[in-house]
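Here is the structure we will look at.
Residue numbers (this note's numbering), protein chains in the order written: chain A, 46 to 341; chain B, 2 to 317.
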């Protein structure tokens, strides 16, 4: 509908609409704070290892357990004298990559299942949604750990496992949207003129549910980063010497007495990153879907 | 009510069947399958492996194997632990108590605290306290539970020396007070996520009720604010929370796993991790199925209670 207005010469209209979504997002101060924090973490993850004289695996025995701000290592060093700032940055690369990739995969699965279940509401839809319910019966950490223990824990495998346990929410959201959209005139019209099911789903319905998908996907990144930290902390995720935010905490508990920063710093970074994604998701929800009830 | 109950039972049984299928396929389609334990043992030849496979009935068609597995699951024969040969169900049973203690304590904390925060947030909407609670809940849902546990241990055990750093009891001291003392830190850690979720839903539920006509009538009659809150608002606002409580069970079980590991709490979660490290698959699968059954049962009970408490639900 808005395209018709654009061609009639009123170029200001779509522009105003897009700035209003953007300005709604910018008005959400926490979301903006999240975006800034995340940008800083991302930049640090890229730059710190390039600028630091230490590598992530450089052992510096003279400075074992160096406290932050108390020696050559800016954020301190671990039990082998490895530089904590460099390791945090390298871990950030891994954890953020896992978070994004797992989000892409889980969203793709969720959207596919949700589209099919919403479009074919007969027994196909029912079967798919019962499958979603069944997977949700397993507490996700139990499922994650079982899967992680059954495969060789590589970065790719861990990503895949996290994705396989995180698509259900997206599927539910998409299905609910599709069910209401496919009764609308444009979808019924497309069906009436013989457009194929696949085309209706991908070309007509999908573009109209991008907003809730974007929100759910953003929240999924947060969940994936958390999931990685849990399974790596418990020893079934990313394996040493590769650093991830989770496995940096894996050994930290035994040094809680002598070197508490080893446990505190990675946790702070995980919390910052995950909170940022959650706030951004919140801001996106307000920006993209103004009708949304904001009471929760 | 009978129809509602029957429908809900049928639905749960169907889900249980699907859950069991997922469990069975996890065990079979994983690399190595049920034989992984033997395949990794040095000195077991290929022929011996095939022998074992035949003994375990792995040469039969999958549906037959599944039916057999399900039959044994339903009759309570969940196999034996590879570690000590004990039946899986009794191994789980011996760890269940500690986990339930932890879960019940933290649920109590979470419900009391979460209700209070939620009520306060709704009564003083958009106040500073309300914003603080909103942001606090978001951060609580974002931080890794195990890390919060580590920080608790660092502050209260390492620095202040107020609380024990883990375990369920001081050796040689079996008193109730000692148990309580050990329960404090892990149950607070486990309660964190539930407090955050519960307070958010509580706030939303309060806001739905607070502006309804009968509340205004009660106020207009001249009833005291506190009386209106407890007798008119809270009674109805707490109803949907039954569902929220049921939905919290997977989160609680998962959280218990992590909390138990951090605090060396001898419950189901620790058992699960230990069994994973030993590749003790019968116990792993047993716990996986057991936790899924608890989740199913929890949501079933929550739905039935909601149906009893609120007749409108049954009509749907």
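Think of the CB as a built atom: it goes at the ideal place given N, C-alpha and C, for glycine as much as any other residue.
So with CB distances below 9 Å, who are the chain A contacts of residue i?
i	result
residue 292 of chain B	182, 183, 184 and 187
residue 151 of chain B	294, 297, 298, 301, 305, 308, 309 and 312
Mark residue i as exposed unless 16 or more other C-beta atoms lie within 10 angstroms of its C-beta, in which case mark it buried.
i	result
residue 109 of chain B	exposed
residue 241 of chain A	exposed
residue 166 of chain B	buried
residue 231 of chain B	exposed
residue 51 of chain A	Residue confidence for residue 51 of chain A is low, a pLDDT of 35 falling below 50, so the modelled location carries little weight and cannot support an answer.
residue 239 of chain A	exposed
residue 311 of chain A	buried
residue 227 of chain B	exposed
residue 190 of chain A	buried
residue 177 of chain B	exposed
residue 136 of chain B	exposed
Would you mind telling me which residues of chain B sit closer than 8 Å to residue i, beta carbon to beta carbon, in chain order?
i	result
residue 175 of chain A	15, 16 and 19
residue 302 of chain A	159
residue 281 of chain A	277
Counting only beta-carbon separations shorter than 8 Å, does residue i have a partner in chain B?
i	result
residue 198 of chain A	no
residue 162 of chain A	no
residue 136 of chain A	no
residue 230 of chain A	no
residue 20 of chain A	This structure cannot settle anything about residue 20 of chain A, because the visible part of chain A is limited to 46 through 341.
residue 341 of chain A	Per-residue confidence for residue 341 of chain A stands at a pLDDT of 42, beneath the threshold of 50, marking its modelled position as unreliable; the derived number appears in the next sentence. It does; some Cβ of chain B falls within 8 Å.
residue 99 of chain A	no
residue 48 of chain A	The predicted position of residue 48 of chain A is uncertain, since its pLDDT is 37 and thus under 50; a value taken from the coordinates is nonetheless stated next. Judged by the 8 Å Cβ criterion, residue 48 of chain A is not in contact with chain B.
Who are the near neighbours of residue i in its chain, counting only those whose CB is closer than 7 Å to its CB and skipping five residues on each side?
i	result
residue 5 of chain B	308 and 315
residue 280 of chain A	295
residue 148 of chain B	none
residue 269 of chain A	143, 144, 147, 148, 207 and 211
residue 94 of chain A	101, 131, 134 and 135
residue 249 of chain A	231, 232 and 235
residue 70 of chain B	25
Against chain A, with Cβ distances strictly below 8 Å, would residue i count as a contact?
i	result
residue 143 of chain B	yes
residue 25 of chain B	no
residue 234 of chain B	no
residue 67 of chain B	no
residue 155 of chain B	yes
residue 262 of chain B	yes
residue 284 of chain B	no
residue 259 of chain B	yes
residue 223 of chain B	no
Using a C-beta to C-beta distance shorter than 9 Å, which residues of chain B count as neighbours of residue i?
i	result
residue 274 of chain A	145, 147 and 148
Can you list the residues of chain A that residue i reaches, using a CB-CB cut of under 8 Å?
i	result
residue 273 of chain B	187 and 190
residue 140 of chain B	316 and 320
residue 297 of chain B	182
residue 75 of chain B	Those do not exist, as residue 75 of chain B stays about 17 Å from chain A at its closest Cβ, beyond 8 Å.
Taking 6 Å as the limit between beta carbons, can you name the residues of its chain near residue i, skipping five residues before and five after?
i	result
residue 162 of chain A	170, 173, 174 and 220
residue 238 of chain B	206, 207 and 210
residue 12 of chain B	none
residue 158 of chain A	173 and 216
residue 113 of chain A	120, 121 and 306
residue 168 of chain B	265
residue 67 of chain B	25
residue 106 of chain B	184 and 188
Which residues in chain B sit within 7 Å of residue i, going by Cβ to Cβ distance?
i	result
residue 17 of chain A	The question about residue 17 of chain A has no answer here: the residues shown for chain A are numbered 46 through 341.
residue 271 of chain A	145
residue 194 of chain A	277
residue 178 of chain A	16
Might you give, ordered along the chain, the residues of its own chain that have their beta carbon closer than 8 Å to the beta carbon of residue i, omitting 5 neighbours on each side?
i	result
residue 122 of chain A	105, 108, 109, 110, 111, 116, 128 and 129
residue 77 of chain A	70, 71 and 328
residue 262 of chain B	147, 270, 271 and 274
Quick one: list the residues of chain A neighbouring residue i, beta-carbon separation under 7 Å, in chain order.
i	result
residue 289 of chain B	183, 187 and 191
residue 255 of chain B	184, 185, 186 and 187
Sorry if obvious, but does the Cβ on residue i come closer than 7 Å to a heavy atom of the ligand NAD?
i	result
residue 218 of chain A	In the structure shown, the ligand NAD is absent, as is every other ligand, since no ligand is present at all.
* Asked: For the region 295–325 of chain A, which residues have a CB atom closer than 9 Å to at least one CB atom of chain B, in sequence order?
  -> 297, 298, 301, 302, 305, 308, 309, 311, 312, 313, 315, 316, 317, 318, 319, 320, 321, 322, 323 and 324
* **Positions along the region 236–253 of chain B whose CB lies within less than 7 Å of some CB in chain A** => So the close ones are 251.
* Asked: Can you list, in chain order, the residues of the region 62–91 of chain A whose Cβ is nearer than 9 Å to any Cβ on chain B?
  -> Going along the region 62–91 of chain A in chain order, one finds 75 with a Cβ nearer than 9 Å to chain B.
* To do: Check each residue of the region 116–130 of chain B: if its Cβ is closer than 7 Å to any Cβ of chain A, include it; give the result in chain order.
  => So the list is empty, because no residue satisfies the distance condition.
* Name the residues in the region 117–134 of chain A whose C-beta lies less than 9 Å from a C-beta of chain B; which are they? -> none
* Taking Cβ-Cβ distances below 8 Å as the criterion, which residues of the region 238–268 of chain A are in contact with chain B? -> 267
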